[in-house]
Structures are given as C-alpha cells and as structure tokens.
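Chains A and B, in that order, are what the protein sequence lines are. Per the working numbering, residue 213 is the first one in the first sequence, and the count goes up by one each step. Per the working numbering, residue 103 is the first one in the second sequence, and the count goes up by one each step. Working notes for the structure below.
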Amino acid sequence: MNASHTAHHDDLGHHGHAPTGIMRWITTTNHKDIGTMYLWFSFIMFLVGGAMSLVIRAELMQPGIQYVSPEFYNQMLTLHALIMVFGAIMPAFVGFANWMLPLMLGAPDMAFARMNNWSFWLLPPAAILLTGSLFVPGGAAGTGWTLYPPLSVQMGIGMDMAIFAVHILGMSSIMGSINIITTILNLRTPGMTLMKMPMFAWTWLVTAFLLIASMPILAGAVTMLLTDRHFGTSFFAAAGGGDPVLFQHIFWFFGHPEVYIIALPAFGVVSHVIPAFSRKPLFGYVSMVYAIAAIGLISFFVWAHHMYVTGIPLTGQLYFMYATLLIAVPTGVKVFNWVTTMWRGALSFETPMLFALGFLFLFTIGGLTGLVLAITAVDIQLQDTYYVVAHFHYVMVAGALFSAYAGLYYWLPKWTGHMYNESLGKLHFWLSIVFFNVAFFPQHFLGLAGMPRRIPDYAQQFTDFNMVSGIGAFGFGFSQLLVLVVVFQAMKGGAKAAAKPWDGATGLEWTVPSPAPHHTFEDPPPFDQATAHG
Amino acid sequence: MAISKSKSCRGWGSARLARGLTAGALALGTELAVAAWELNLQPPVSAGARLAYDLHTMVMWLIVVIFVGVFGVLSYSLYAHRKSKGHKPADFHDNTTVEILWTVVPFIILVLIAFPATTSLVAMRDTSQPDMTVKATGYQWKWGYEYLTGDAAGIKYMSVLATTQDQIKGLAPKGEHYLLEVDKPLVVPVNQKVRILATSADVIHNWSVPAFAVKTDAVPGFVRDTWFRAEKEGTYRGQCSELCGKDHGFMPVVVEVVSAEKYAAWAAEQKKLMAAGAEDVSKVWTLAEQQAHGEKVYTTNCAACHQPTGQGLPPAFPALDGSKLVKGPKQAHIQIVLNGKPGTAMAAFGAQLNDTDVAAVVAYERNAWSNKSGEVIQPAEVKALRGK
Numbered sequence: 213m214n215a216s217h218t219a220h221h222d223d224l225g226h227h228g229h230a231p232t233g234i235m236r237w238i239t240t241t242n243h244k245d246i247g248t249m250y251l252w253f254s255f256i257m258f259l260v261g262g263a264m265s266l267v268i269r270a271e272l273m274q275p276g277i278q279y280v281s282p283e284f285y286n287q288m289l290t291l292h293a294l295i296m297v298f299g300a301i302m303p304a305f306v307g308f309a310n311w312m313l314p315l316m317l318g319a320p321d322m323a324f325a326r327m328n329n330w331s332f333w334l335l336p337p338a339a340i341l342l343t344g345s346l347f348v349p350g351g352a353a354g355t356g357w358t359l360y361p362p363l364s365v366q367m368g369i370g371m372d373m374a375i376f377a378v379h380i381l382g383m384s385s386i387m388g389s390i391n392i393i394t395t396i397l398n399l400r401t402p403g404m405t406l407m408k409m410p411m412f413a414w415t416w417l418v419t420a421f422l423l424i425a426s427m428p429i430l431a432g433a434v435t436m437l438l439t440d441r442h443f444g445t446s447f448f449a450a451a452g453g454g455d456p457v458l459f460q461h462i463f464w465f466f467g468h469p470e471v472y473i474i475a476l477p478a479f480g481v482v483s484h485v486i487p488a489f490s491r492k493p494l495f496g497y498v499s500m501v502y503a504i505a506a507i508g509l510i511s512f513f514v515w516a517h518h519m520y521v522t523g524i525p526l527t528g529q530l531y532f533m534y535a536t537l538l539i540a541v542p543t544g545v546k547v548f549n550w551v552t553t554m555w556r557g558a559l560s561f562e563t564p565m566l567f568a569l570g571f572l573f574l575f576t577i578g579g580l581t582g583l584v585l586a587i588t589a590v591d592i593q594l595q596d597t598y599y600v601v602a603h604f605h606y607v608m609v610a611g612a613l614f615s616a617y618a619g620l621y622y623w624l625p626k627w628t629g630h631m632y633n634e635s636l637g638k639l640h641f642w643l644s645i646v647f648f649n650v651a652f653f654p655q656h657f658l659g660l661a662g663m664p665r666r667i668p669d670y671a672q673q674f675t676d677f678n679m680v681s682g683i684g685a686f687g688f689g690f691s692q693l694l695v696l697v698v699v700f701q702a703m704k705g706g707a708k709a710a711a712k713p714w715d716g717a718t719g720l721e722w723t724v725p726s727p728a729p730h731h732t733f734e735d736p737p738p739f740d741q742a743t744a745h746g
Numbered sequence: 103m104a105i106s107k108s109k110s111c112r113g114w115g116s117a118r119l120a121r122g123l124t125a126g127a128l129a130l131g132t133e134l135a136v137a138a139w140e141l142n143l144q145p146p147v148s149a150g151a152r153l154a155y156d157l158h159t160m161v162m163w164l165i166v167v168i169f170v171g172v173f174g175v176l177s178y179s180l181y182a183h184r185k186s187k188g189h190k191p192a193d194f195h196d197n198t199t200v201e202i203l204w205t206v207v208p209f210i211i212l213v214l215i216a217f218p219a220t221t222s223l224v225a226m227r228d229t230s231q232p233d234m235t236v237k238a239t240g241y242q243w244k245w246g247y248e249y250l251t252g253d254a255a256g257i258k259y260m261s262v263l264a265t266t267q268d269q270i271k272g273l274a275p276k277g278e279h280y281l282l283e284v285d286k287p288l289v290v291p292v293n294q295k296v297r298i299l300a301t302s303a304d305v306i307h308n309w310s311v312p313a314f315a316v317k318t319d320a321v322p323g324f325v326r327d328t329w330f331r332a333e334k335e336g337t338y339r340g341q342c343s344e345l346c347g348k349d350h351g352f353m354p355v356v357v358e359v360v361s362a363e364k365y366a367a368w369a370a371e372q373k374k375l376m377a378a379g380a381e382d383v384s385k386v387w388t389l390a391e392q393q394a395h396g397e398k399v400y401t402t403n404c405a406a407c408h409q410p411t412g413q414g415l416p417p418a419f420p421a422l423d424g425s426k427l428v429k430g431p432k433q434a435h436i437q438i439v440l441n442g443k444p445g446t447a448m449a450a451f452g453a454q455l456n457d458t459d460v461a462a463v464v465a466y467e468r469n470a471w472s473n474k475s476g477e478v479i480q481p482a483e484v485k486a487l488r489g490k
C-alpha cells in the first residue's frame, strides 16, 4: 500500500500540516484516499464473504452432513449474503464514485468532504458487528439475508448485532448518497450540462436517489423487528394482531430497488469501458439516460415478485407480473445500445474490455432467466429453488463483480501510475468466467429439478450437479486472489502509465497525470464538447 | 448394472464406494428414482403443473432465441470489427428509429407472453369446489395433516422425516429416497380435487410438491389455500421451501396418490386405529410403560433440538440432561412443554400433543440420561395444568 502512495506524498503537504501514517487515513477528507479505503474495505469483505460461500459449497459437495452443523450452515448463508451485498458490492461502487466522480466532473473533491470521511469510517464498525456476531452465544443470525420473522424473532443476540449493523450501513449509504447527489448537481465544471455528463455520473445520480428512498425503509423494517424481539410489539406476530408477511412487503420494497442500486453503477462503468475499447462513442446516450431513470422508477413497483408464493391475491400476482415484465424493456434497451456501440467499432480486448464483455454475457443470461421467473405460474415451480440462486448470482456477480473488475483494470493505471500485468489480468478474466459458469450454470438445472435453496443437505439425485458447482465455486474463489497480485504489482512498479493510457478513452479523468495527483481540478477545467459522454 | 447406475458410486474413496455398492444393491429391483443430471422440471402430474411446464418451455425457447439473436450480432461484431484486423471505427452514435423499434418490439413480445401467463395463473389459483380439503400445518420441523372433509374427515397425524440420523451423518448407507421420505405420507385419492389449507404453528414454512406445481407459504396465524388434482397414482415428493431454521432441509412433503378404493380402505383403517388408540386420560401408567412411550414421543418431537443424548445444542437449544428445569418441580416442566417459551424456538407443544404424550415425554426427560428421578407423571396431572 505504501509504495503506491509515496508518489502522492509529494503533494500531501499541500495545505501545510497534513497528518501522516495511520492518522492520515483516519482523518483524511480527500476523495481519492477515501475512495481507496472504500475499495480496499470492499475487497477484504469480498474475501470474507467469499470464504463463507466456500464453506457452503464444501458442505454441499456431497449429500449428508460433513463439515458444519445445519445451524452454522444457516449462519454462513446469511452472513455471506449480508457481507457481499452491504460490505463488498455497495462499498466497491461507492469507492469508484469517490475516486472517479470528481475527476470525471472536473470537481476538486466531493461536496461534503468531512461527511465523506464519516461515511467510510462507519463501515468498519458495521463489519465488526456482522462478523463478530459469529462468536456470540447462539451465533450469527441464521435467517437468510431477508431476516424474515418469526424466524428472526427466535434468533439470539447475533440477530440484534445484524440489525444494528444494517442501521449503521444504512446511515453510511444515505450520507454517501447525499454527498454524491450534491457533487453531481453542483460541482460539474462549467459547460457540462446534465445531458453531457459522463454516464457513470448519471447512473450514480439515479442510484443515490434509490438509496435515499429505500435505505430508511429497511431501517424501519429492522427497527420494527427489534421492538418485536425485545419490547413486546407485534408488528409481525399474528398473535398480537400483526402479520409476518408485512415484513416481507417492507423488506422487498427496499430489496428490489437494492438490486438496481447494485446494478446501475455497474451499468455506468460498462458504459465507459465498452466505448473506450470500441473506439466509438456510446450509442444512444439519451435513451441510456431515460432507461436508467425508468429502471430506477419501476424498481419501486415490482417488489412482490419476490413474494408470489406468500399467498398474495391473484390480482396482486397479476399486477406484479406485468410490472416485472415491463422492467425488461429499459433493461433490453441498455443491452441493445451496448451491442450497437461495438457494432462497426475498432475493437480490442484488453482486460477491462474482457470483463465488460463478460458482464454483458452473464448479465444477459441473468436478465433472461429473470424473465422466466417473472411469469408467476413458472415462478411457483422455481421460487425458493436453486434456479433463483443461479439467477441472482448471474445478475449480482456478473452485474456487479465483473463490471467492478472492468472498472478496476480500466482505472488502475490512473490510480497507481503504472500499467498492470496484462497477461495476468487476462488470465484472471478467463479463469473467472469459466469457473463462474461451472459454478452457477448447473444450479439452473438443480432448481428446475426441484432442489430448494438454503438447505445444508440434499436428496441424492442432486449430487452430481452440486459437485460440479462446488468445483466451479472453489476455482472461482481462488482465481480472485490473482487480482491481489495484479494490483500489488501495479502499485509497486511496472511500465509508467500515460495520462491517457487507453487510446479510445474519453473524459476529464484522463486529462490529469497518472497517478492522479493528490489534489486535482482546483480550478474548473475547460469542458470540451467533443469529449463529452465519457 | 444397477450398481453402475447408482449415483452413490460417482464419488471417490473406498469407504464411499462400499457404501455406494450397498446403496446400489438396495436400489435393485425398485424403480430408480435417482435421476442424475436432470435438466428440466419434474414431469407434471396435474393440470396446473402442465400449465407451468408448457409456459416454462415456451418462455425458455423465447429467451434462447433472443440470446442467440443478440449474441449472434455481438459475435459477428467481435469477429469482424476488430482493431487487430484493421477495422476503422464508424462514428454513429444515435438513431431514434432503432431506439423506438427496440423499445416497442420487446414490449409487444412481453404483451404476447402476458396472455398465456395470465390465463394459466388464473386457472392455477382456482381453489373453488374441491372434492376434499386437508389442512397442512408446518411445525419446526415436520408437517401435521388434518383431513377436514371427505371419507377421511377427522383423521389427523404428524408426518416426520423417516431418514435416520446415521444416514445423514454418513454412518449408514443412504437410502433411495434419502431426505425425501416420511413416516406417514399424506394420502389422497387420484383424480380428485384436493384443496390444501396451509398454516403454521411457529415460523413460516412452505408446502411444496413440484409434480403438482403446488407451492404455498404456511404463515403462522393465517391460512393460505392451494389445490391439485393428481392424475396418476404414485408417490410424489417435495420439500419445505421457506427457510424455517435449523432443520429446514429435513422436513419433506410426501404425497401418496392412490385409487379411490384404496383411499377409502385407508381412511377406514385410520379411523379404526384412531378409535382404538383414543386417549384415556384416566389411565394410570407405570414407569416402564411410560418410559417406552415417552422415548417415542421424545424422538419425534424433541430430539432434533435437544438431541437424542439430551445434551442439546447450547445456547440456542439447551441441554435437558442435568437441566435445572428438568430436575426442578414437575409443574414448571410440564408448563413449558405445553406453552413453549416465547422468543425462542421452544414451541408450545400443548397444541400438538395430547395429555398422555406430554405426560410421557416429561416423565421420560425426568428419568433419562443422568436425571433418574423415578417419577411417573399421569395424564390427569397434565390435563389439570392446561390453560394455566
């Protein structure tokens, strides 16, 4: 870590008396430092959550209970999901936003630099609460990340720790969102109108609104859970006049926008990488913006498609089916636009482009199986089976992780000042995409054949595909260590990166030297119409 | 031959192979339900399941066509428009006509899907005019069935996983229907419209049988309904499909579909058994007699959490061996079994067990392992404590 930052140290003293060492990181208000911390935090959580998924896959290698007890298994699947969603994916894209938004918009920093520091430093306590809950009496919550009562009311103190972790993470997200919205709306360089700003900024603008609208709802839901658990309320207890399904409505009213909170910034990253390596501007910028806004809006009106089998009325099932089908339209528009961006370009396949293409491939599969699941009559067969597990891993891992890697390799030269090892990067991509499909594609078949999700042991006809899936998962997991090697190498040295290392890249971030100096754009840069749209 | 087909042989290690051989031998002569590498939904055995099956096939082909179309275009581009081949980039970046086209065309396709999807769903949700109704109650972790109408009206029993712990822990060869077998399946007649009322006594469970495309949450305090009309005799297996705690993976749903005659005979036999086994609260039990009965009740209802050894799985599931409560006054002990402990997984067994069973299980716990109190508890004592 130090090596890469020695380059920055020259101008650290810019304001005279900046602290050094650990205090530099604790007190920093610099968007690049904070972005770096977000990215490292998310990668560490990614490894923790990933290790938990390997516990799950190890247990599922063969039928029977081999390594962990059923209750520990439930804790693993719960923490795996909570850590991956709230600890790994979301902070990763906030990290990208911190690093790149000011550079893309020509702003000197984020709008609220001190709040930015606080947003980040809320994360480690939340992470400690979540992972620490494994070690308290009764262990962590074993309810699945959906925390459905009354099961969650039965849990021990680990459940309360998860509730408080969610509260803290929510606060962090809301502060981060306010910061991002203000930065995007107020700190753009003169001449950069909203419809000329980079696509990544657009996706984050919509995402930040989704976060502000949905995180308080989750906080409310878990607070009601907390009072049901400890203070005698009966929001979710039928015996006291409440309804357990009410929790599900509230949870998914947050939970569905959450899916797009994760996916939209990923769309943004890919919308930069694909044009850069196609050497051709993004096709259909305006329709992309409308599609993002439409997805963001519709995402609030489809929540009960997660609840088709809870006994909601027929009319409810029909409405939510239609609304869910509708969301396929703007999502399709985005895919068609990306494909057309590549059409008649001059394509080259460096690592960022490979990951962007991997994203497109996997996300399209995940989107199409989403169409299958949207059909209520079919979903009755597939709800709570491995088909759903396969579907959302295609959307989440592809939608978020692959595009995060596309962004990482794309901007790594800007961050470290060195080119990364291209062969290792490509190896990382090929291992990832092959093992990902080995791990998750067979799960479609398991789900169709009727294997429920969230079970530690299964009937024998599911053995073969589970073993294949397990081999894929271990291969995928260990392949991710390669990215550590690549990043450390680039931090230590390697070929010097030019200010603009990719010939097809556009945008203000490439007008500053590599590595980006500690302070950039103290005066608003001139905005070149020709390079608009990133 | 059966051995080479048996899935258990696909693993490695000689112990596993030996176990596989045994399992393979067991599978000889029976229909091999173990269908490895299954790629599609289970064969439908009801009208609803066929609707879901056909709808899935249709949508599946549709998405395959869309996928091949989009990635066909993309692949051509990846091949033909490469920089390394010297392709020069075009500069177009907007076209309102195609944008409208690829908004409207998918929309029309979705509307076309929505029609069969709607009619299928409406048919699948029509629970009116059933031939018979059964209530299925989810418990942590078993199903309770109660026949409300029809020949078997009044019959009620628990349906518990029949797979042994030894099989689960790998100490015994796994049977053909490993984890998908119960002691007493739900028995229904073929070609009759069976309405299921699902509810739960503790947390949310889900009653699901893929062959009938039936899957409905069992929500405590509420009743949900669903239905099926099984078209073929046979045994159909499903599993709880909503995470319900520790043994969520161990509460299968097994439905036996039989002919009308067999069903009537079964119902008559069950009624006779129930009449014979009717509880006599005034019966006075001896220690040995009660211990034998209590152990049975304990194994079915308590051992999953408190363990056969009485050691529990602390802290969530406390030990009963040497427990303060079990060694203390029997009234408190009986009351916690009857009423459960709010905020924990300890259910109120008063609703599930009769006075004889509660008395037996409490007495068993007070005498088993190192507890050895020598007490006998009479059903009348339990009856006196109910509702207090």
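All residues carry an ideal CB built from backbone N, CA and C; glycine is no exception. Since the model is a prediction, treat every value here as computed from it, not as a measurement.
Residues near residue i in its chain [Cβ-Cβ closer than 6 Å; skip 5 each side]
i	result
S426(A)	F466, P469
P481(B)	V383, D457, T458, A461
I392(A)	A309, W416, A420
G706(A)	H630, M631
V325(B)	L299, T301
Residue i, DSSP secondary structure in three states
i	result
P481(B)	helix
D735(A)	coil
E75(B)	Residue 75(B) cannot be examined here, being either before or after the span of chain B that is shown, 103 to 490.
E271(A)	helix
K258(B)	strand
K107(B)	No answer about K107(B) holds up, because its pLDDT of 37 lies below 50 and its placement is not dependable.
A323(A)	coil
P337(A)	helix
E358(B)	strand
V650(A)	helix
I234(B)	Note that residue 234(B) is Met in the sequence shown here, rather than Ile. Note: M234(B) maps to strand in three-state DSSP.
Other residues of its chain near residue i: CB distance less than 8 Å, five sequence neighbours each side excluded
i	result
A274(B)	T266, D268
Q392(B)	A461, A462, A465, Y466, V478, I479
T581(A)	Y599, A602, H603, Y606, H656
Where the beta strand (DSSP E) containing residue i begins and where it ends
i	result
N308(B)	307 to 311
V325(B)	Neither: V325(B) is in no beta strand (DSSP E) and is coded neither H nor E.
M631(A)	First-last for M631(A): undefined, no H or E at that position.
E248(B)	244 to 249
Cut-off 7 Å between Cβ atoms - residues of its own chain near residue i, not counting five sequence neighbours on either side
i	result
I594(A)	Strictly speaking, residue 594(A) in this sequence is Leu, with Ile absent from that position. So the qualifying residues of the chain are L585, V600, G659.
Y472(A)	L422, I507, G508, S511
I683(A)	V650
Boundaries (first-last residue) of the alpha helix (DSSP H) holding residue i
i	result
A612(A)	Per DSSP, A612(A) belongs to no alpha helix (DSSP H) and is neither H nor E.
P383(A)	The sequence given here places Met at residue 383(A); Pro does not occur at that position. Per DSSP, M383(A) belongs to the alpha helix (DSSP H) from 369 to 398.
H408(B)	405 to 408
Members of the stretch 330 to 341 of chain B that neighbour chain A once the beta carbon cut-off is set at 9 Å: Of all residues in the stretch 330 to 341 of chain B, those with a C-beta nearer than 9 Å to a C-beta of chain A are R339, G340, Q341, reading in chain order.
Could you list the residues in the stretch 272 to 290 of chain A with a C-beta less than 8 Å from some C-beta on chain B, going in chain order? So the list reads Q274, P275, G276, I277, Q278, S281, P282, E283, N286, given in the order they occur along the chain.
Entirely enclosed alpha helix (DSSP H) segments - the stretch 513 to 600 of chain A, minimum 4 residues: Runs found: 526 to 554, 563 to 586, 588 to 594.
Can you give, in chain order, each stretch of the beta strand (DSSP E) that sits fully within the stretch 440 to 481 of chain A and has at least 3 residues? You should have found no qualifying run.
Can you list, in chain order, the stretches of the beta strand (DSSP E) that have 3 or more residues and sit fully within the stretch 264 to 298 of chain B? The beta strand (DSSP E) runs of length 3 or more contained entirely in the stretch 264 to 298 of chain B are, from start to end of the chain, 288 to 291.
Could you list the residues in the stretch 541 to 570 of chain A with a C-beta less than 7 Å from some C-beta on chain B, going in chain order? Listed in chain order, the positions of the stretch 541 to 570 of chain A with a beta carbon within less than 7 Å of a beta carbon of chain B are V541, G544, V545, V547, F548, V551, M554, W555, R556, G557, A558, L559, S560.
Beta carbons nearer than 7 Å to chain B: which residues of the stretch 604 to 627 of chain A have them? From the stretch 604 to 627 of chain A, no residue has a Cβ closer than 7 Å to chain B.
Which runs of the alpha helix (DSSP H), 4 residues or longer, sit entirely within the stretch 444 to 473 of chain B? Fully enclosed alpha helix (DSSP H) runs of 4 or longer: 457 to 469.
Could you list the residues in the stretch 491 to 514 of chain A with a C-beta less than 8 Å from some C-beta on chain B, going in chain order? Per Cβ criterion, the list reads R491, K492, P493, L494, F495, G496, Y497, V498, S499.
Short-range partners of chain B found in the stretch 514 to 540 of chain A, where Cβ spacing is below 8 Å: Correct list: V521, T522, G523, L526, Q529, L530, M533, Y534, L537, L538, A540.
Name, going along the chain, the residues of the stretch 350 to 374 of chain B whose beta-carbon falls closer than 9 Å to a beta-carbon of chain A. When C-beta distances to chain A are compared with 9 Å, the residues of the stretch 350 to 374 of chain B below that value are H350, G351, F352, P354, in chain order.
Scan the stretch 162 to 176 of chain B for residues whose Cβ lies nearer than 9 Å to a Cβ of chain A and list them as they occur along the chain. Per Cβ criterion, the list reads M162, L164, I165, V166, I168, F169, V172, F173, V175, L176.
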